[in-house]
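*Asks:* Per numbering that gives the first Met the number 0, the sequence shown runs over residues 0 to 639.
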Amino acid sequence: MSEASTTTHSFKAEVSQVLHLVVNSLYSHKEVFLRELVSNASDALDKRRFEAVTHPELAAASELKVQISADPAHGTLTISDNGIGMNASELEQNLGTVARSGTREFLSKVAKAREASDQGLQLIGQFGVGFYSAYLVADRVDVITRRADEEAAFRWSSDAQESFTIEPAERAEAGTTLVLHLKEEQKEFLGEHRLRELVRRYSDYIGHPIELSVPARAKGKDEEPAEALPPTFERINQASALWQRSPSEVTEEQYTEFYRHLTHDFEPPLGHRHFKVEGTQLFAGLLFLPKRAPFDLYDPAAKHGIRLHVRRVFVMDDCAELLPNFLRFIRGVIDSEDLPLNVSREILQDSKLVRVIKKQVVNHSLSMIEDLAGKDSTVFAKFWSDFGAVIKEGLHFESEHRERIAKIVRYESSTQAGLTTLGEYVARMKDNQKAIYYATGTSRALLDSSPHLEALKKRGYEVLFMTDGVDPFAVTSLGEFEGKPLVSAMDENLDLGDEELSEEQRATEAEQKKQAEPLVERFKAVLASKVGEVRLSTRLTDSPVCLVVPDGGIAPHIERLMMARQMGMPPQKRILELNPGHPLIQNLERQDHVDPGSVASWIELLYDQALIAEGSPLENPAAFAQRLTTLLTSASGASV
Ligand code: ADP
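1) Can the beta-carbon of residue 156 be found less than 7 Å from the beta-carbon of residue 144?
2) With a CB to CB cut of under 8 Å and the five nearest residues on each side skipped, what residues in its chain are close to residue 458?
3) Name the residue from 503, 600 and 68 whose alpha carbon lies nearest to the alpha carbon of residue 215.
4) Would the beta-carbon of residue 82 be found less than 6 Å away from any heavy atom of the ligand ADP?
5) Could you tell me whether the segment 441-454 touches the segment 533-552, using the rule of 3 or more Cβ pairs below 8 Å?
6) Decide yes or no for the touch test of the segment 335-349 against the segment 383-393: beta carbon pairs closer than 8 Å, at least 3 of them.
7) Could you give the residue range of the alpha helix (DSSP H) that holds residue 192?
8) Using alpha carbons as the reference points, say which of 147, 192, 20 and 10 lies closest to residue 93.
9) Please go through the same chain and pick out, in chain order, the residues whose beta-carbon is closer than 8 Å to the beta-carbon of residue 425, but skip the five residues on each side of it.
10) Can you tell which of 462, 178, 560 and 581 has its C-alpha closest to the C-alpha of residue 508?
11) Which residues bound the alpha helix (DSSP H) around residue 364?
12) Kindly list the residues whose CB is nearer than 6 Å to the CB of residue 290, restricted to its own chain and excluding five residues on each side of it in sequence; keep chain order.
13) Indicate, with yes or no, if the ligand ADP has a heavy atom lying under 6 Å from the CB of residue 7.
14) With a threshold of 6 Å (Cβ to nearest heavy atom), would residue 175 be considered close to the ligand ADP?
15) Distance check for residue 293 and residue 381, CA to CA, integer angstroms please.
16) Taking Cβ to Cβ, would you say residue 179 is nearer than 7 Å to residue 44?
17) Skipping 5 residues on each side, what residues in its chain have a beta carbon closer than 7 Å to that of residue 419?
18) Taking 8 Å as the threshold, find out whether the segment 570-589 comes into contact with the segment 533-541 through three or more Cβ pairs.
19) Which two residues bound the contiguous alpha helix (DSSP H) that contains residue 174?
20) Can residue 428 be considered in contact with the ligand ADP, in the sense that its beta carbon sits closer than 6 Å to one or more heavy atoms?
21) Roughly how many whole angstroms lie between the Cα atoms of residue 361 and residue 514?
22) Excluding the five sequence neighbours on either side, which residues of its own chain have a C-beta within less than 6 Å of the C-beta of residue 273, listed in chain order?
23) Which of the three DSSP states is assigned to residue 554 in this structure?
24) Looking only at its chain, what residues have a beta carbon closer than 8 Å to the beta carbon of residue 377, apart from the 5 residues adjacent to it on each side?
25) Grab me the residues of residue 237's own chain with a C-beta within less than 7 Å of its C-beta, minus the 5 sequence neighbours each way, in chain order.
26) By how many angstroms is the C-alpha of residue 455 removed from the C-alpha of residue 440?
27) So the beta strand (DSSP E) residue 439 belongs to, where does it begin and stop?
28) Does the beta-carbon of residue 129, which I'm using as the reference point, lie nearer than 6 Å to any heavy atom of the ligand ADP?
29) Going by beta-carbon coordinates alone, are residue 188 and residue 140 separated by less than 7 Å?
30) Let's test the definition: count the other Cβ atoms within 10 Å of the Cβ of residue 327 and tell me whether it reaches 16, buried, or not, exposed.
31) With contact counted as at least three CB pairs below 8 Å, one residue from each stretch, are the segment 465-476 and the segment 550-563 in contact?
32) Using the Cα positions of residue 211 and residue 231, report the straight-line distance between them to the nearest angstrom.
33) For the alpha helix (DSSP H) containing residue 79, name the first residue and the last one.
34) Using only CA atoms, which one of 288, 263, 16 and 205 lies nearest to residue 370?
35) Identify, in the order they occur along the chain, each residue of the same chain with its Cβ nearer than 7 Å to the Cβ of residue 280, setting aside the five sequence neighbours on each side.
36) What are the partner residues of residue 419, as DSSP defines its beta bridges?
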């Protein structure tokens, strides 16, 4: 082979960053390199088996497997697979860049943690850096690989400095061989027992055989030295797909390792469900509840879903057809006995089989969440803050699961410190309370001091605070819980309907109304361009005014959101309510007869104040400030 056929390539910047971390960190779990490399080999075997379904010429001549062999004489550890392999451009792309987006996120985390302390070093211990973890133990790695559908083989080689080389090579069979030139102090990884133990600990979930080369042990012929015989390979794992085993035979650690393999998540999952369905359809499933939300949970372009196998053969990742959107954070694998191996997305989309599987996936996912909710409220609160808003989408879009989801959802509340369920709310309802009251807005603090809640609070009624963007839609779809209607405290028709007014009270109310009539008209005239309606309120006690949403209207914070996204909404005009019992309103009634001009300015001020109270921005903050200054100046006794 000529020198000229060797090409040298620089690593992309992010690879150099990863390599720098790997090589220089005082990393305490260097042994995880084996898990990462065996995991890659297993993926390559899966890919080959899958591609061979439609292209039989890609099938391997012998059984698909991973082989590990140590060569103490040369200080090398070799990990070999007869999987899909790589061609030259794939080699350059796959082992010269960092494709996995999570890695970039991880790097920035490590960088931040490093600034603060030495936590970065611990972080890397939890995270899989994939192929590059080979450099935890090796100072040079050679990758000899041949793609299953090509004749040419290539050797990739690098010492993890700035660059790597690619040159033509020989390889009899398709697949990939990694030769790790171990660092002097990492020679322990040549030991047979160490390797056995590591495979058992980290890679036992792998469904393909993992074989270890062992010195041939001549049977019964003690006089014959073992070295004289070529080494033989011995299978050292169970080599059955983890999800096909009986749950009683699978340890927590094996579930966690499998989860890592599946997701690259560096946190262990919060729970799992392992099940087999044996009815008119046969399938096995293993689902996991992740601990933290992926960064792209709300990215509509992000891929979510379950890994699909058909009769053990890996078919596709991120199979969204098996998972409703509101559970898009669930991870796991489904292995169907009945779907065709060459199943396409189109087939999946209207397959009855898929609907049956999806139903089970939803059922098990919800039961995992229910279990977690029943276990530890602190852990669940954290989980809820990551995923609650997504689960609530189910209230809106998945009517068949609505009741079950309604029992899971949590909200903040005006009377409780932490989160509450709807069931707990109902149990606390006052005797004559007819509805579950809620308020939607951007924050708990804002809602808690909202004027809309005054009458409710005065009666000792609890109000749920709904601060997620999805809440106004979700709660409207839900409509009721245990026969109690859900009613917005901001609703136009809020009718507490629980007070029997005496004759006297009725008379006072009628009188107040009559008195206030001219002022209501004045408000209407001054705010004609801003509000759709002005009327007297029953929901206010301490505040003079508030803005309410007309029937069928949209909560103001959602309206702002939709406008910001340019969703082509005409701004809606809301209803301004006046508190006829408030001294300020009563004074304005009198003032209106004497000096209508000054009243107009007060009205503008009150309107702006109502906007501020609900967290809405002012149209003209400068004008507001000016009016307020004028008012304060005169109130302080100074002459303007
Ligand atoms: P990840 O496995 O998360 O994608 P890695 O850095 O471990 O990241 O590997 C990068 C890519 O290199 C893999 O996605 C795969 O395409 C390829 N690769 C790694 N190991 C092998 C292998 N043994 N056989 C075939 N391709 C491999």
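Ideal placement from N, C-alpha and C gives every residue a C-beta, glycine not left out.
Just so you know, these numbers come straight off a predicted model, no measurement behind them.
*Replies:* The short version:
1) Contact: no.
2) Spatial neighbours of residue 458 in its own chain (CB-CB distance under 8 Å, excluding positions within 5 residues in sequence) are listed in chain order as 429, 432, 495 and 497.
3) Of the candidates 503, 600 and 68, 68 places its Cα closest to the Cα of residue 215.
4) At least one heavy atom of the ligand ADP is nearer than 6 Å to the Cβ of residue 82, so yes.
5) Output reads yes: the segment 533-552 touches the segment 441-454.
6) Between the segment 335-349 and the segment 383-393 there are fewer than three inter-stretch CB-CB distances shorter than 8 Å, so the stretches are not counted as touching.
7) Residues 191-201.
8) When each option's Cα is compared against that of residue 93, the closest is 10.
9) Closer than 8 Å at the Cβ level, and outside the excluded window around residue 425, lie 435, 480, 481 and 483.
10) Measuring from the Cα of residue 508, the nearest candidate turns out to be 581.
11) Counting along the chain, the unbroken alpha helix (DSSP H) around residue 364 starts and ends at 351-374.
12) Counting only Cβ-Cβ distances below 6 Å, and skipping sequence neighbours, we find 266 and 269.
13) Outside the cutoff, so no.
14) Residue 175: yes, Cβ under 6 Å from the ligand ADP.
15) When only Cα atoms are considered, residue 381 and residue 293 end up about 14 Å apart.
16) No, the pair does not count as a contact, with Cβ atoms beyond the cut-off.
17) Setting aside the 5 residues that flank it on each side, residue 419 is surrounded in the same chain by 409, 410 and 412, each with a C-beta closer than 7 Å to its C-beta; the list follows chain order.
18) Contact holds: three or more Cβ-Cβ distances are below 8 Å.
19) No alpha helix (DSSP H) holds residue 174; the beta strand (DSSP E) holding it covers 174-181.
20) Not one heavy atom of the ligand ADP falls within 6 Å of the beta-carbon of residue 428.
21) Note on geometry: alpha-carbon atoms of residue 361 and residue 514 lie some 59 Å from one another.
22) Within the same chain, Cβ atoms closer than 6 Å to the Cβ of residue 273 are found at 246 and 285, the five residues on either side in sequence being excluded.
23) Reduced to three states, the DSSP call for residue 554 is coil.
24) Correct list: empty, nothing qualifies.
25) Hits under 7 Å: 203.
26) Rounded to whole angstroms, residue 440 and residue 455 show a C-alpha spacing of 17 Å.
27) Residues 435-439.
28) Yes - the ligand ADP has a heavy atom lying nearer than 6 Å to the Cβ of residue 129.
29) No; because the gap between Cβ atoms is not below 7 Å, this pair is not in contact.
30) With 16 or more Cβ atoms within 10 Å of its Cβ, residue 327 is classed as buried.
31) As far as the Cβ criterion goes, the segment 465-476 touches the segment 550-563, which means the pair count is three or higher.
32) Each residue's alpha carbon lies about 8 Å from the other.
33) Residue 79 -> not in any alpha helix (DSSP H); beta strand (DSSP E) instead, spanning 75-80.
34) Residue 370 has its Cα closest to that of 288, out of 288, 263, 16 and 205.
35) Closer than 7 Å at the Cβ level, and outside the excluded window around residue 280, lie 337, 352 and 355.
36) Under DSSP, the beta-bridge partners assigned to residue 419 are 410.
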